[in-house]
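Enquirer:
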Amino acid sequence: MTFQTEDNKTDVVVPARLNTQAPIHELLANRRSPRAFSEQPIDSEKLASLFEAARWSPSSANEQPWRFIVATKDDSRVFSALVESLMEGNRRWAARAPMLVLALAQSTYTKTGTPYQHSWYDLGQSVALLSVQASALGLAVHQMGGFDADKARQLLSIPEGFEPVIVFAVGYPDQPATLPDDLRKREQAPRSRKLLQDLVYTEEWGKPSYHIRTQNSLLTQPSTN
Ligand SMILES: Cc1cc2nc3c(=O)[nH]c(=O)nc-3n(C[C@H](O)[C@H](O)[C@H](O)COP(=O)(O)O)c2cc1C
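First residue of the sequence shown? That's 17 in our numbering, and the numbers climb one at a time after it.
1. Which whole runs of the beta strand (DSSP E) in the segment 80-112 are 3 residues long or more, in chain order?
2. In chain order, which continuous runs of the beta strand (DSSP E) of length 3 or greater are located wholly inside the segment 174-215?
3. Please return the same chain residues whose Cβ sits closer than 7 Å to the Cβ of V300, not counting the five positions on each side in sequence.
4. Is any heavy atom of ligand 1 found at a distance shorter than 8 Å from the C-beta of H41?
5. Compute the beta-carbon to beta-carbon distance between V148 and L43, rounded to the nearest angstrom, for a pair I have assumed lies under 8 Å.
6. Which term fits D59, buried or exposed, when burial requires 16 or more other beta carbons within 10 angstroms of its beta carbon?
7. What distance in whole Å lies between the Cβ atoms of L145 and A69, which are believed to be in contact at a cut-off of 8 Å?
8. With distances taken Cα to Cα, identify the nearest neighbour of G162 among V183, E176, R169.
9. Under three-state DSSP, which class holds Q56?
Structure (structure tokens):
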């Protein structure tokens, strides 16, 4: 798998480790969560495109509950606050990325004030779309639940009514060799997923759907009744 960096200056090659059961778009196939990030900054047009992709995400009642606090290395106070709020295991690699983002979700519906049960779901979708846009731009996103939301709230003066949900790093993927040994091994480990037949059902809970006919022979025979 090859990641193109800005202006095709460098290609960062990582092993082709994706074992898909059906064809998927290359933007999705290329998406992954690296820990090795280049320090190359993200230009402002690309940065705006990322959040534009998130903005056009669907949401319950079109509430658009997502908010983002974005920091590049130019925003040293906010960048440091985000780094400080990360768990140590994430801080070690994420601090090198050129951009960190805190993603937040609105807790109640604006119109009714009632609890917004799908706000995290909606935020997650917007970050997913942002990640695909990143993939299209040769960038990568690595999301991190491993952060202290209370600390982030305090350091960044987050108002009531918004919940810090995730921090993510964005940047150009770099060679795994730039990582310390333990992280490099994780970066190069084969990626794995549950099988489609364990996830998609039709007739009965837990029984592989007959709709899923994969290109390899991993799927058990569909039921004939
Ligand atoms: C909600 C969420 C929380 C995550 N938290 C962390 C984290 O704290 N640290 C980390 O290194 N990766 C984290 N990840 C990244 C996942 O580990 C990663 O997406 C998963 O292993 C699949 O790898 P891939 O994204 O390269 O396909 C998180 C991802 C999500 C969506």
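All C-beta atoms in this analysis are idealised placements derived from N, C-alpha and C, irrespective of residue type, glycine included.
Expert: Let's see:
1. 82-88
2. 178-187
3. The structure shown does not extend to residue 300, since the chain is modelled only from 17 through 241, so no value can be given for it.
4. no
5. 5 Å
6. exposed
7. 5 Å
8. V183
9. coil
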